[in-house]
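K.L.:
The structure under discussion is supplied below as C-alpha cells; questions concerning it will follow.
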Amino acid sequence: MFGFKTKPRQLAREEKGSVLGDLIALHGGMGASWSSRSNVSLARTGYAKNPVVYRCVQMIAEAASSVPLFAQQGRERLEAHPLTALLRKPNPDQPGQSFLEHLYGHLQISGNAYAEVIEGLSVPAALYLLRPDQVTAETGPDGWPRAYLHKVGGKTRRLPRDTDGQPGLIHIRLFNPLDDREGQSPLCVAGNAIDLHNAATAWNKSLLDNAARPSGALIYRGPEGASSLTGEQFDRLKSELADTYQGQRQAGRPMVLDGGLDWKPMSLSPAEMDFRELKNGAAREIALAFGVPPMLLGIPGDNTYSNYAQAHLAFWRHTILPLITKVADSFSLALAGEGVSIGFDTDAIDALQQGRIERLRLLLDADVITDSEKRILLGFPADPEVS
Numbered sequence: 001m002f003g004f005k006t007k008p009r010q011l012a013r014e015e016k017g018s019v020l021g022d023l024i025a026l027h028g029g030m031g032a033s034w035s036s037r038s039n040v041s042l043a044r045t046g047y048a049k050n051p052v053v054y055r056c057v058q059m060i061a062e063a064a065s066s067v068p069l070f071a072q073q074g075r076e077r078l079e080a081h082p083l084t085a086l087l088r089k090p091n092p093d094q095p096g097q098s099f100l101e102h103l104y105g106h107l108q109i110s111g112n113a114y115a116e117v118i119e120g121l122s123v124p125a126a127l128y129l130l131r132p133d134q135v136t137a138e139t140g141p142d143g144w145p146r147a148y149l150h151k152v153g154g155k156t157r158r159l160p161r162d163t164d165g166q167p168g169l170i171h172i173r174l175f176n177p178l179d180d181r182e183g184q185s186p187l188c189v190a191g192n193a194i195d196l197h198n199a200a201t202a203w204n205k206s207l208l209d210n211a212a213r214p215s216g217a218l219i220y221r222g223p224e225g226a227s228s229l230t231g232e233q234f235d236r237l238k239s240e241l242a243d244t245y246q247g248q249r250q251a252g253r254p255m256v257l258d259g260g261l262d263w264k265p266m267s268l269s270p271a272e273m274d275f276r277e278l279k280n281g282a283a284r285e286i287a288l289a290f291g292v293p294p295m296l297l298g299i300p301g302d303n304t305y306s307n308y309a310q311a312h313l314a315f316w317r318h319t320i321l322p323l324i325t326k327v328a329d330s331f332s333l334a335l336a337g338e339g340v341s342i343g344f345d346t347d348a349i350d351a352l353q354q355g356r357i358e359r360l361r362l363l364l365d366a367d368v369i370t371d372s373e374k375r376i377l378l379g380f381p382a383d384p385e386v387s
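So, in C-alpha cells, the structure goes:
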C-alpha cells in the first residue's frame, strides 16, 4: 500500500522418504567447480601436477633456450661485443641457456618474465630473473608502470623502471587484451582443460582404489519390524567395508555378508565409460593452448600432421621462433645501443635444416635468375673471385 515490498511467504519444503528423490535433488544442484586462475594456483594444479602441462612447458623452454642470443650489427654477428658476453653468462649463478630456459618457462606459466638489471659501465653487469608471483607494478598518474615492487620474505624492494636512461628491470609479457601491465599465459587459457584432465585422473585413481570397479549398494532386507540398520550397525558395516574390501590389495576378494544384506553393483554409464576420450580431448586442448602438436606428446587421436617430422617443424616455426623473436626484440629495446640489436642464428637450428635444404635446391634449379643473383641470395658476393 505504501510502496513497501512484503517478503514472500516461504513454502514449507516437502519431505519425501524416497532416497532417489534426494539423489536427484543433489545432482541437480551441483555445478562445475574450477580451480583458481592465480599464477600460484595455476603453477600448482597445472605445471606441478599435470604431466601434459609440464611436458609442454619443458619442451618450449628447452627448445627455445637451445638457440643462443647474441649482439649483431645488421646481419653481422658481434662475438666480441659486451652484450654477447652478457647473454652468454647473465650472472655468476646461471649460464645463458639456463637463464633463457627459466625466462621462457616463466612466460609459459605466468605470461610474464622479469629480469632485474644490475648496473654496469657500458652494459649491465648482470641480469637476474625474478619470480613473477613476487613482482607487482607500481603505476604512475598516467596508469603506466613507473616502478616494480619485489616482495620476498616480508621485505619489499622498489625497482625503478628506468634510472638515468638505464633500465632497472626488463619486463617481457605475452599479449593480454584485458590488462596493460601483465601478460596472459597459455597456462591460464588452458585452465579449464587442465581441470578436466586432472579430474579424469582423479576419477581413474578412485576406481583403482575401489578395486577398479564401480561402486555398488548394500541393501538391507531385515525381518519384519527391522527395515533399517541401527546407527551402531551402520557404522560397524561401513568400517568393515573400508578395512576389508577397498583398495588395490583387496581387489577380487569375495565379500561375506551378514543375513539380510544383499550387494547390488552399479554399472558405469556410457558417459562414464568415455572418460579416457575425455582425458585425451582435454590433453589435446592443453597442447593447443601451448602451441605444441599433440603428436609430439604422444596424445592419440590427432591427425593434423602426416608424420612426426612435419609436426616437429610446425612446432618450431609457429611456436618457438616467434617466442625467441619476442624475447630478442625485448632485449634489443632495453639493452642494445644505436645500430646494435639482439639476434639469433636460424641457420644453426637443426629442426629447420630440411626446409632450408629444399629451398636451396629450388634456388639452384631456378633458371629465371643468374648465378650471380643466386650467390647474392645465398649471402655470398656476386663475383666468386671476391672473398
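In the UniProt record's numbering, the protein residues as written are 1 to 387.
Yeah, the Cβ is synthetic: ideal placement off N, Cα and C, and Gly gets one too.
#1: Restricting to Cα atoms, I'd like to know which of L187, K89, D235 is closest to P51.
#2: When burial is assigned at 16 or more other CB atoms within 10 Å of the CB, is T84 buried or exposed?
#3: Would a C-beta distance cut-off of 9 angstroms place G109 and A63 closer than the cut-off?
#4: Between which residues of its own chain and G65 is the CB-CB distance below 7 angstroms, once the five residues before and five after are set aside?
#5: Any idea what DSSP makes of A147, helix, strand or coil?
#6: Spatial neighbours of G281 within its chain, please: CB distance less than 7 angstroms, with the 5 preceding and 5 following residues excluded, ordered by chain position.
#7: Could you tell me which uninterrupted beta strand (DSSP E) segments, each at least 3 residues in length, are contained entirely in the stretch 74–141, listed from first to last along the chain?
#8: Just the C-alpha distance for T370 and A382, rounded to the nearest angstrom, thanks.
#9: Taking the continuous alpha helix (DSSP H) assigned at S330, which residues delimit it?
#10: Tell me the rounded alpha-carbon separation between E138 and I170.
#11: Taking a contact to mean a Cβ-Cβ separation below 9 angstroms, would you say W34 touches D195 in this structure?
#12: Can you list, in chain order, the residues of its chain with a C-beta nearer than 8 angstroms to that of A336? Leave out the 5 residues immediately preceding and following it.
#13: If we count the other Cβ atoms within 10 Å of its Cβ and call it buried at 16 or more, is G74 buried or exposed?
#14: Report the CB separation of Y305 from A314 in whole angstroms; it is logged as a contact under 8 angstroms.
#15: How far does the alpha helix (DSSP H) with R55 in it reach, from first residue to last?
#16: With distances taken between CB atoms, is the gap from I60 to T319 smaller than 9 angstroms?
#17: Using CA coordinates, which residue listed in A190, E232, S332 is at the minimum distance from A289?
#18: Quick check: the Cα distance between L78 and R161, rounded to an integer number of angstroms?
#19: Should S122 go down as buried or exposed, given a rule of 16 or more other Cβ atoms within 10 Å for buried?
#20: Could you name the residues of the same chain whose beta carbon sits closer than 8 angstroms to that of Y47, not counting the 5 residues immediately before and after it, in chain order?
#21: DSSP on D345, reduced to helix/strand/coil?
#22: Tell me, to the nearest whole angstrom, how far the beta carbon of E119 is from that of Q166; I am working on the premise that it is less than 8 angstroms.
#23: Taking only three categories from DSSP, how would you classify Q184?
#24: So, is G183 buried or exposed, given that buried needs 16 or more other C-beta atoms within 10 angstroms?
#25: Rank R131, P141, G143, G140 by C-alpha distance to the C-alpha of V152 and give the top, closest one.
#26: Can you tell me the Cα-Cα spacing of F175 and A200, whole angstroms?
#27: What did DSSP end up calling T45 once you bin it into helix, strand or coil?
#28: Measure the C-alpha to C-alpha separation of H150 and G291 and round it to an integer number of angstroms.
#29: How many angstroms separate the CA atom of N91 from the CA atom of K279?
#30: Who are P160's beta bridge partners in DSSP?
#31: Using the Cα positions of Y128 and S372, report the straight-line distance between them to the nearest angstrom.
#32: Do R88 and P68 have their beta-carbon atoms positioned less than 9 angstroms apart in this structure?
P.N.:
By the coordinates alone:
#1: Sequence index remark: in the sequence shown, residue 51 carries index 51 (1-based). P51 has its Cα closest to that of L187, out of L187, K89, D235.
#2: As a working mapping, residue 84 is identified with position 84 in the sequence shown. Buried is the call here.
#3: Counting from one through the sequence shown, the residue named residue 109 turns up at place 109. Counting from one through the sequence shown, the residue named residue 63 turns up at place 63. Note that residue 109 is Ile in the sequence shown, not Gly. Not closer than 9 angstroms, so no.
#4: Here residue 65 is taken as the residue at index 65 of the sequence shown, counted from 1. The question names Gly, but residue 65 in the sequence shown is Ser. The residues are Q97, L100, E101, Y104.
#5: As a working note, residue 147 is residue 147 in the sequence shown. Note: A147 maps to strand in three-state DSSP.
#6: Here residue 281 refers to the residue found at position 281 of the sequence shown. There are no such residues.
#7: 112–118, 126–130, 135–139
#8: Against the sequence shown, residue 370 aligns to sequence position 370. Against the sequence shown, residue 382 aligns to sequence position 382. One C-alpha to the other measures close to 10 angstroms.
#9: Within the sequence shown, residue 330 is the residue found at index 330, counting from 1. 321–335 is the span of the alpha helix (DSSP H), which, as asked, contains S330.
#10: Taking the sequence shown and counting its residues from 1, one reaches residue 138 at position 138. Taking the sequence shown and counting its residues from 1, one reaches residue 170 at position 170. Distance between the alpha carbons of E138 and I170: 14 angstroms.
#11: The residue you call residue 34 lines up with position 34 of the sequence shown. The residue you call residue 195 lines up with position 195 of the sequence shown. A contact, by the Cβ cut-off of 9 angstroms.
#12: Mapped onto the sequence shown, residue 336 falls at position 336. Same-chain partners within the cutoff: A71, L83, I342.
#13: Your numbering for residue 74 matches position 74 in the sequence shown. The residue is exposed, with fewer than 16 neighbouring Cβ atoms inside 10 Å.
#14: Within the sequence shown, residue 305 is the residue found at index 305, counting from 1. Within the sequence shown, residue 314 is the residue found at index 314, counting from 1. Right, the Cβ-Cβ distance comes to about 6 angstroms (below 8 angstroms), so this counts as a contact.
#15: Along the sequence shown, read from residue 1 onward, the residue named residue 55 stands at position 55. From DSSP, the alpha helix (DSSP H) with R55 extends over 51–65.
#16: Along the sequence shown, one-based indexing puts residue 60 at 60. Along the sequence shown, one-based indexing puts residue 319 at 319. It is a contact, given that the beta carbons lie within the stated cut-off.
#17: Counting from one through the sequence shown, the residue named residue 289 turns up at place 289. Minimum Cα distance to A289 is reached at A190.
#18: By one-based count along the sequence shown, residue 78 stands at place 78. By one-based count along the sequence shown, residue 161 stands at place 161. Each residue's alpha carbon lies about 28 angstroms from the other.
#19: Your numbering for residue 122 matches position 122 in the sequence shown. Answer is exposed; the Cβ neighbour count stays below 16.
#20: Position 47 of the sequence shown, counted from the start, is the residue given in the question as residue 47. Excluding sequence neighbours, Y47 sits near V53, Y54, V57, I109, L187.
#21: Position 345 of the sequence shown, counting from 1, holds the residue named residue 345. Coil.
#22: Here residue 119 refers to the residue found at position 119 when the sequence shown is read from its first residue. Here residue 166 refers to the residue found at position 166 when the sequence shown is read from its first residue. Confirmed, about 6 angstroms.
#23: The residue given as residue 184 occupies position 184 in the sequence shown. Coil, per DSSP.
#24: Counting from 1 along the sequence shown, the entry for residue 183 is found at position 183. Label assigned to G183: buried.
#25: By one-based count along the sequence shown, residue 152 stands at place 152. Considering only alpha carbons, the answer is R131.
#26: Taking the first residue of the sequence shown as 1, we reach residue 175 at position 175. Taking the first residue of the sequence shown as 1, we reach residue 200 at position 200. Cα to Cα, F175 sits roughly 31 angstroms from A200.
#27: As a first step, residue 45 must be located in the sequence shown, where it is residue number 45. DSSP places T45 in helix when its eight states are reduced to three.
#28: Against the sequence shown, residue 150 aligns to sequence position 150. Against the sequence shown, residue 291 aligns to sequence position 291. Whole-angstrom Cα-Cα distance: 31 angstroms.
#29: Against the sequence shown, residue 91 aligns to sequence position 91. Against the sequence shown, residue 279 aligns to sequence position 279. Distance between the alpha carbons of N91 and K279 is about 42 angstroms.
#30: Counted from its first residue, the sequence shown places residue 160 at position 160. DSSP output for P160 lists A147 as bridge partner(s).
#31: As a position in the sequence shown, residue 128 is number 128, starting the count at 1. As a position in the sequence shown, residue 372 is number 372, starting the count at 1. Looking at the two C-alpha atoms, the distance is approximately 47 angstroms.
#32: Here the question's residue 68 lines up with position 68 in the sequence shown. Here the question's residue 88 lines up with position 88 in the sequence shown. Contact flag set, yes.
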